[in-house]
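Trainee:
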Amino acid sequence: MGSESKRRPIILEEAAQGFAAAGSEPRLEVLIAIVRAKKDGLTVGELQEQLKVPASTLAHHLRFLTAAGLIAQEKRGRKVINRARSAHIEALAAYLLKECVQ
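Using this note's numbering, read the sequence shown as starting at 221 and increasing by one per residue.
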């Protein structure tokens, strides 16, 4: 997580991808659940149980959020832990404030 602590500027393409990923209500629910889990993160099974989402649907949302850089996945044995990439989420929020709110 060392590189994540350094915040670099978000470019337009990254911002669009991040906002598109969070722009779906089901994906936003997944992201919020992962953010609320803080550093512990949530396994796919925990997310599925908490959100009552079919495995294939959840996998789709997790792929989208990972590709957008909003979450990171770490394999631990047979489990996959999903954690929020807080620095990237904060950079997106800062970008929105800087570029869109004047």
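The C-beta atom is built at its ideal place from N, Cα and C for all residues, glycine as well. Being a predicted model, the structure only gives us computed values, none of them experimental.
1. At the level of alpha carbons, what is the spacing between Arg298 and Gly265?
2. Of all the alpha helix (DSSP H) runs that stay within the bounds of the region 225-266, which reach a length of 4 or more residues?
3. With a 10 Å radius around its C-beta and 16 neighbouring C-beta atoms as the bar for buried, classify Ile291 as buried or exposed.
4. Please return the same chain residues whose Cβ sits closer than 6 Å to the Cβ of Ala288, not counting the five positions on each side in sequence.
5. Any idea what DSSP makes of Ala287, helix, strand or coil?
6. Identify the continuous alpha helix (DSSP H) that holds Lys318 and give its terminal residues.
7. Which value, in whole angstroms, describes the spacing of the CA atoms of Ala307 and Leu282?
Mentor: With the given structure in hand:
1. Separation of Arg298 and Gly265 (C-alpha to C-alpha, rounded to the nearest whole angstrom) is 11 Å.
2. As summarised for the region 225-266, the continuous alpha helix (DSSP H) elements at least 4 residues long and confined to that stretch are 232-242 and 245-256, given in chain order.
3. Buried is the label assigned to Ile291, since at least 16 other Cβ atoms lie within 10 Å of its Cβ.
4. Closer than 6 Å at Cβ, skipping near neighbours: Gln237, Gly238 and Ala241.
5. In this structure, Ala287 counts as helix in the three-state DSSP scheme.
6. First-last of the alpha helix (DSSP H) with Lys318: Ser306 to Cys320.
7. Each residue's alpha carbon lies about 18 Å from the other.
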